[in-house]
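Residue numbers (UniProt numbering): 1 to 909. All remarks here apply to the structure that follows.
Below, the structure is given as structure tokens:
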């Protein structure tokens, strides 16, 4: 059993990264081996005692196969039991992992160093360029560690560092030391010396401060760099060979201090950022690391005052990394000398800092005098910063948490989007304000490409993207390229949930998803960066934020297809901007593209769209008129297609789509007025509907729909749809609603007079005058028995009191008394008696009118009222006088727009 347990642990260690996973716990291992947890824990601890297993003593306790850990580290660890995962991870760090910022601001530096080391056969010369104290020597040393770790150097191969400034005035001595010399080569050469290049054979020769070399000394390196051979001093007959790798370093601008012929032989030049250019979290980690080492040296905990910490973090310390290290060591030494120990804790205060730093304080922070120096911070608290990939994963994890809440009906889709934006914006703030970006050629190139991609996308889809947005996206793309491997590991662990989220977003936000896909494809094509599904979701949210307020037509999809580089795009962009609404998308085609390829492009576009009812295709030539036959997505939609497209034609059709006109009649009219032919394919089975309308607006029409629906004894095979009265009046049978549905009849307060469509007036139902015709019309939806129940419900529900009570928020009895008084005054002053049915209809209309005046929700006129005012001054005065009782009771005044509606109602009656 014990061997089985050990073997399982070994297999788990080979499969997974060493992390806080349940597979490394005694409970999980015991369950897999069908043994008790106590027995497994005992066996594992025995393995620790034998040196075969490593233990991390947290809750729960984690165990790792020691051989697997040693293999990763390529070395034995100092101990087998660790108090925390942080301690364990620190112990396992190898080569560049020991470099603070290796996965963040120094990632590009590290990648370039690895490239220089690994390039066959013997690497490439590399120049590290950066200010004093930025860590050039350490990076060079870590390059040697990395070469050993990946098997390019043996452990016995040497890393030799030479400070060239020591030979600035004696190039001959440098030549002798580098290339070696023969006995007697010069005075004092008493024996052969093989030289540093030979000593570094198979290893690395690091030439620091290379700018100190005079020109003639730089030239002596050329032959070795070109051919890997050299002459020893005093031996010009024999060639000597060395395969050492060359690493150079300088604090100066290479172009100013090095020969161009030397620079030409150094293919990789890396800029090392100053400490001030690096993210604040790296400076925090650096301060922690230095204090931690000092704490280990003196064998006691260290605490620093809040003020001291602020000085270290918020100000530019001369000397970069080296300078801040010297500063901290000096502060620790000063505090130690004064023996300020409190319960075995060494306290560091502002006055412990070296004089060079204290002398800067008056010019660094004028607010220091207002702050206290007695709030102590233990250095363990400084180690809480997360790398940027963790911050991005945190944002993604927050989004998935919200999505799981959405799946459990814990929030709406809009709330999910809002929470996701909050998580992303938090990361954006980090990216833009906390993380300092080091400018380098890779980032500059990324920004240029992103700018070009979004310029195209902006014009094509009428997006509004600011320069700051471009900057943010560029930073994100560059940052993502640096951490994508770590992100993808997390993505794989949550793949099913992420796929489900992606499917939901594509369904709910099809246009944004399609645009995000296009952006992603362009980034992959131009930058060779492939986004994961969570980043795709992030792009969708970006596109949503960039969208122009122009509203996309909901049930009709318009597409312009033209041959040429950007013919279709230009027409679509011009028309959409002119109309102020997103009507048309565009597909640009090469002149020699095949018909099948065009069809595939159209299908690829359509599959990204939400369900729609009508598709309008505007094409440039007759050969595309049959393209509808190849459509494979949403095949139940009606398809209209017209040829010889131009901007004028597209503008005419787009305007008609906005106005809700019938697509077929729209295409017919457009073909007559242009040199075009059209085809309309009716594929849809239209549902039966009942329309409810009200002259006062769609809101009242919706309440009529509700009242009618409550009268139904059973659900019907059809819909009751509230519709705009004025739209029906203007469009008649050409309105799009008649293309989409089979309208059985219209019910409402005023007859829009649509030819061939029966109308049931609300007042007729109140008077029970039109009940028999309503029964007849409802037989298309209900059985005879159900019709009888429906009729009884209508009598009950469509009483005048109930209608007014349902349509308004007012007290029905009181408002009807006021309305009856208004109508009496109107009839008296107009010397005209309204028919009973029309009078009831006017009661309903005026009750709704009063509510609108009280709630300040007045009707809007489509045309100027000036002509009406000029021609009907007497009628206006009569209505205003009749409304005096309403004006006084409700403190309102009837506007001309409402008077016009009353006039039209009376005229219709």
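Backbone N, C-alpha and C define an ideal beta-carbon position, used for all residues, glycine too.
- Secondary structure at residue 102: coil, using DSSP grouped into helix, strand and coil.
- Residues of the same chain with a CB within less than 6 Å of the CB of residue 270, apart from the 5 flanking positions on each side, are 109, 112, 128 in chain order.
- Judged by their CB atoms, residue 734 and residue 665 are nearer to each other than the 8 Å cut-off.
- If you ignore the 5 residues before and after residue 654, its C-beta comes within less than 6 Å of the C-beta of 575, 579, 583, all in its own chain and listed in chain order.
- 8 Å or more divides the Cβ of residue 606 from the Cβ of residue 587.
- Exclusion of the five residues before and after residue 701 leaves 692, 693, 694, 722 as the residues of its chain whose Cβ lies within less than 6 Å of its Cβ.
- Taking every protein chain shown into account, the CB of residue 763 has 16 or more other CB atoms within 10 angstroms, so this residue is buried.
- Of the candidates 615, 236, 888, the residue whose Cα lies closest to the Cα of residue 739 is 615.
- Short of 6 Å from the beta carbon of residue 2, and not among the five residues preceding or following it, lie these beta carbons of its own chain, in chain order: 43.
- Under the three-state reduction of DSSP, residue 558 is assigned to strand.
- Under the three-state reduction of DSSP output, residue 58 falls in the coil class, being neither helix nor strand.
- Residue 720 carries a strand assignment under DSSP once its states are collapsed to helix, strand and coil.
- Residue pairing from DSSP places residue 250 in a beta bridge opposite 129.
- A residue is called buried when at least 16 other Cβ atoms come within 10 angstroms of its Cβ; residue 673 does not meet this threshold and is exposed.
- Assignment of residue 196 by DSSP, reduced to helix, strand and coil, places it in the helix class.
- In the displayed model, residue 82 falls within a strand according to three-state DSSP.
- Within the DSSP bridge table, the entry for residue 245 names 204 as partners.
- Distance from the Cα of residue 156 is smallest, within the candidate group 731, 880, 729, 204, for 204.
- Between residue 628 and residue 641, the C-beta gap is smaller than 8 Å, which places the two residues in contact.
- Your pair residue 777 and residue 794 does not check out as a contact, with CB atoms roughly 12 Å apart and the cut at 8 Å.
- Going by DSSP, residue 271 is part of the beta strand (DSSP E) stretching over 268-271.
- Bounds of the alpha helix (DSSP H) holding residue 653 are 647-658.
- Bounds of the alpha helix (DSSP H) holding residue 262 are 260-263.
- For residue 520, the enclosing alpha helix (DSSP H) has its first and last residue at 510-527.
- When secondary structure is reduced to three states using DSSP, residue 767 falls in the helix class.
- About 19 Å separates the beta carbon of residue 193 from that of residue 202, a gap too long to meet the 8 Å contact definition.
- For residue 161, the enclosing beta strand (DSSP E) stretches over residues 159-163.
- Ranked by how close their Cα comes to the Cα of residue 319, the residues 357, 248, 563 have 357 in first place.
- Relative to residue 454, the option among 444, 465, 245, 661 whose CA is nearest is 465.
- Distance check between residue 9 and each of 62, 223, 591, 277 places 62 closest, using alpha-carbon atoms only.
- Inclusion of residue 744 and residue 690 in the CB contact set at 8 Å is warranted, their separation being smaller than that value.
- The three-state reading of DSSP puts residue 742 in strand, counting E and B together.
- Closest in alpha carbon position to residue 392, among 484, 577, 299, 152, is 484.
- Linking residue 541 to residue 268 through their CA atoms gives a straight-line distance of about 39 Å.
- In the three-state scheme derived from DSSP, where H, G and I count as helix and E and B as strand, residue 474 is classed as helix.
- Taking a contact to require three or more Cβ pairs closer than 8 Å, the stretch 499-511 and the stretch 114-122 do not qualify as touching.
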